[in-house]
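In the numbering used here, the protein residues as written are 1237 to 1567.
We treat Cβ as the ideally placed atom computed from N, Cα and C, and that holds for glycine.
All of these numbers come straight from a predicted model, not from anything done at the bench.
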């Protein structure tokens, strides 16, 4: 009796391989999209967590969010600070280090799960007791070595923690810069259309021919900003924004329709406000170009200017108090 060998023929095997390859081609994009969606949702919960922590602080601080310049007036933390309110303290690294010190959240909340910049990582070297970077460690009010903004010129400028890198930062998010007329926005206003903190973005240029719209500017040549890779798509900014009533929205454009500003020129009128650009309060155009390692002038000149929504990171805040400027870093 002849035995028949059971098994796949070559053709059947090729068919099975083709089917498996087809299924992989179908499933991989779906898996990738599911992963991006999960990251976006977790990122949303983090920016909401930060603004809610800021609101808790404001409850016992006359509705104001944390301001290191109002806390450190004795020079215990930073030796160069005179015994007066000094606006140069109100940069990103001091603000968020102050909150970490007071256990409003831990450093990991400040790094987005969707972070695209390899030089933004969770700060592991935070010193909660007797921080060695302080003028008087036993009396310090926060760890001044906490580095928020990535970039060699961003404060603190001293040596990084052991094993650290001078260019690495621990903050993924942009926030209101509490200086000039922007300082009035740094408070718990309960306003559902007043942005407080959110994903970083690139510089923009305004297209006014036809429909008014903001276009993302490349960093150099045709190289897009790395911030467009946080949530994608690669040619258009989208991001999570947390507002002063404690909620967060995944915005599909930098000028959300619900966030408006009435500009001085009647031909411009009320328009959606680009929350990542400091616009001219009359024309609605970008008030000043923003480039890597450049300063943005926050002086209220004229008096009622620079009041529209503006979220950025301050690698350093420059004074004196009446002429504040913020040092920006773009990638």
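| query | result |
| --- | --- |
| Going by DSSP, what residues sit across from residue 1424 in a beta bridge? | None; residue 1424 has no bridge partner. |
| With DSSP as the reference, label residue 1332 as helix, strand or coil. | helix |
| Please classify residue 1501 as buried or exposed, where buried requires at least 16 neighbouring CB atoms within 10 angstroms. | exposed |
| Note down the Cα distance separating residue 1554 from residue 1304, rounded to an integer number of angstroms. | 14 Å |
| Considering only their Cβ atoms, is the gap separating residue 1517 from residue 1542 smaller than 8 Å? | yes |
| So, does the segment 1430-1437 touch the segment 1461-1470, judging by three or more C-beta pairs under 8 Å? | yes |
| Which residues share a DSSP beta bridge with residue 1440? | 1452 |
| In this structure, how does DSSP classify residue 1431 when only helix, strand and coil are distinguished? | strand |
| For my contact list, residue 1373 and residue 1381 are in at a C-beta cut-off of 8 Å; report their separation, rounded to the angstrom. | The Cβ separation is near 11 Å, so there is no contact. |
| In or out: residue 1423 buried (at least 16 other Cβ within 10 Å) or exposed? | buried |
| Leaving out five residues before and five after residue 1291 in sequence, what residues of the same chain have Cβ atoms less than 7 Å from its Cβ? | 1424, 1482 |
| Roughly how many whole angstroms lie between the Cα atoms of residue 1485 and residue 1284? | 9 Å |
| Is residue 1389 closer than 8 Å to residue 1346 when the C-beta atoms are compared? | no |
| What separation, rounded to the nearest whole angstrom, lies between the Cα atoms of residue 1361 and residue 1444? | 47 Å |
| Can you give me the start and stop residues for the beta strand (DSSP E) that residue 1305 sits inside? | From DSSP, residue 1305 is part of no beta strand (DSSP E) but of the alpha helix (DSSP H) over 1304-1307. |
| Using 8 Å as the cut-off, can you tell me whether the segment 1535-1552 makes contact with the segment 1406-1417, which would need three or more C-beta pairs spanning the two stretches below that distance? | yes |
| State the DSSP-derived secondary structure class of residue 1476, mapped to helix, strand or coil. | strand |
| If you draw a straight line from the C-alpha of residue 1496 to the C-alpha of residue 1448, how long is it? | 14 Å |
| Do residue 1548 and residue 1350 come within 8 Å of each other at the CB atom, strictly closer than that value? | no |
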